[in-house]
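Its first residue numbered 8, the sequence shown is counted upward by one per residue in our numbering. Backbone N, C-alpha and C define an ideal beta-carbon position, used for all residues, glycine too. Predicted model only: the values in this text are computed from it and were never measured. Reviewing the structure listed below.
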Amino acid sequence: MAAAWTSCASRFVWDEPWTALSKPGPGGRPLWFSGGRINYGKSLFRRGFDDREALVVYRSPSERRAYTYALLLEQVRRVVALLERSGVRKGGRILVYCRSKEHQALLALASFYYGVQFGIVFRRFPPDVVRPLIRGSRASHIFYDEAPPPVGRALKLDLSKLPAPTSIPPQPVAASLPTSLLFSSGTIGEQPKVFLSNPAGAWVHFQHFFETTLGWVGPRAYLCMLDFGFGSFPMCSGLLGPLLVGGKAVLLDFDHRVHQPGVLRLLEKEGAAALVTSPAFFQGLDDAPGELRTLKALSTAGEKLRPAALRAMRSLFPKAKIVNLVGQQETGVYLVTPPLTRSQTRNPRRVNLLRPIAGSEYRIAGGIHLLKDTLPGIALKALTLAGAFRRRWRGRFLLTGDVVRRRRQGIEFIGRKDKLVKLKGRQLDLGYLEETLEGLSGVRKAKCLLEEGALRLFIQAGKRAGLGRAIRKLILRRFGTYALPGSLRFVDEFPTSASGKVLEKRLLHAS
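Printed below as a string of structure tokens:
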């Protein structure tokens, strides 16, 4: 039994002690606790912290709202009373479709308290993505704060009209029960999906990430989360982590891209030691380099980390540890996130995956993708480690998009196949699309290029009659309307270099 899991168990209040760890599930699900009943409400709101700040929300740069542990508990009990009045039953499932991160946090904490499953739907997802996610979630209730979701009956959350606090105590749940939903926006050309996650396991990930990677220490540490899309797993780890150790979470509940001047000084005032945000946050910051002296580490997520943003981070925080979360999603994100080295500052594409925590097992997702949808695909025995946490690993770390082959001796690295682009809010692997099209009868070679946000498709084929309609039907069936190309052109041959590589610029220019 990994020492990390024993340490994790001590963070929670158990109405009935846990007995074992569950076995990893299909696709690489991490270990969870089995047996026993865990009480998240009692774990998050323990005695002795009543007057300590637990959650600070900035609704604007000048409007600060602080929740002490006692005040936060009272507000959470009011939201629980709303869930009761709305007909939500213990063990049920709700969806959160709120813009405000304060509302997201309160509904998440109320779900932990009341023993219901919850999922946070990204409001930035287009309607054609949101509809199947809501239907697939099988939630009994949907809560929103501004605009209602495009499908389903929803209830509006208004903090000024909450009922009196509930009288029921925090409800225990089975430790093996998944209590949060994860949503995929259709990564790698697949349809949107709904997954289940367990916050007890999320805490192990969080502990591993912040204690071993960022150097998180005790109740004085602070976590500040900004808007990078947000979801159930960041909310679980971002709230459970600080509250379980008596810490404080800081949320900027406004568009920091509009109110950027002075934001870093605002966070320094709060003593933020760890910062989680998107790379876009660092573009155009007017704060002087060296601001936010309390910051020890920062991590970025939600979008690709580009060299310009990374240079801005290094300029602003020369001594901080920087971690890139892009490429490793949801369930395993904190297990596979190494700090960026100085040599990687010039080339952030060479960001490797961290080793897995001892006792956790991950599988190759198949084909060219080691990280498929929200489940990480780290090799099985090739990365087996001894001890609670192993800080050094002398092998080659596998990257998102590596092509590998399973051998008796372990995992053989073959090469790279990493061509992810974003179309209409969804990720599409151009290499996967090309391989799919080349499997169509009559297609000799396919090349997909992105030009000014539009997808252009080039096909080398023998007989072309009716092939255009067949290509369109295949794309619609396998990927959806978002992957339809803006233009389709048949070519006799592709311009190539001496080594056989397709000259993409010449191909676009010739068209």
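Backbone secondary structure at residue i - three-state DSSP
i	result
Ser167	helix
Phe261	coil
Ala327	coil
Cys455	strand
Lys255	strand
Gly126	strand
Lys429	strand
Ala146	coil
Ala461	strand
Leu28	strand
Arg398	Low per-residue confidence applies at Arg398: pLDDT is 37, beneath 50, and the placement is therefore not dependable enough to give any value.
Ala182	coil
Leu447	coil
Leu491	coil
Phe119	helix
Leu486	At residue 486 the sequence reads Phe, which differs from the Leu that was named. It is coil, neither helix nor strand.
Phe288	helix
Leu377	Annotation note: pLDDT 30 at Leu377 (below 50); position unreliable, coordinate value reported separately. Correct three-state label for Leu377: coil.
Gly475	helix
Distance, residue j Cα to residue i Cα
i	j	result
Arg54	Pro170	24 Å
Lys431	Leu495	19 Å
Glu458	Val428	11 Å
Gly374	Leu444	Confidence at Gly374 is low in this model, with a pLDDT of 26, below 50, so its placement is unreliable and the value that follows should be read with caution. For Gly374 and Leu444, the distance between alpha carbons rounds to 16 Å.
Ser17	Ile478	56 Å
Lys328	Ser322	13 Å
Leu51	Ala256	13 Å
Ser285	Glu277	20 Å
Phe119	Gly48	6 Å
Ala468	Leu447	10 Å
Arg471	Ala453	13 Å
Leu80	Val158	32 Å
Phe261	Asn46	32 Å
Pro249	Ala61	8 Å
Pro156	Ile127	12 Å
Leu481	Gly473	13 Å
Ser144	Trp25	28 Å
Gly438	Leu456	10 Å
Ser69	Leu302	21 Å
Leu140	Ile149	12 Å
Ala181	Arg318	46 Å
Val20	Arg44	9 Å
Phe129	Glu500	43 Å
Ala304	Arg476	52 Å
Phe40	Thr186	13 Å
Phe465	Asp135	27 Å
Pro133	Gly253	38 Å
Burial state of residue i, where buried means 16 or more other Cβ atoms lie within 10 Å
i	result
Phe497	exposed
Ser93	exposed
Gly493	exposed
Gly460	exposed
Ser174	exposed
Ala517	exposed
Ala154	exposed
Asp152	buried
Ala280	buried
Ser183	buried
Leu440	buried
Leu515	exposed
Pro177	buried
Leu483	exposed
Ser306	buried
Integer Cβ distance of residue i from residue j, believed to fall under 8 Å
i	j	result
Val95	Leu114	Going by Cβ atoms, the distance from Val95 to Leu114 rounds to 11 Å, so no, they are not a contact pair.
Arg100	Gln124	4 Å
Leu258	Ala112	7 Å
Pro179	Asp436	About 43 Å separates the two Cβ atoms, so there is no contact after all.
Leu162	Cys105	Not a contact, Cβ separation roughly 11 Å.
Tyr74	Gln82	7 Å
Leu251	Tyr65	No, Leu251 and Tyr65 are not in contact; Cβ-Cβ is about 23 Å, not under 8 Å.
Pro502	Arg485	That belief does not hold up - the Cβ atoms of Pro502 and Arg485 are roughly 28 Å apart, past 8 Å.
For residue i: DSSP bridge partner residues
i	result
Arg138	For Arg138, which the question treats as bridged, DSSP gives no partner whatsoever.
Tyr151	Tyr104 and Lys163
Trp21	Ile45
Gln467	Lys452 and Val498
Tyr65	Arg71 and Leu259
Thr503	Val509
Glu60	Thr75
Leu435	Val428
Phe40	Leu28
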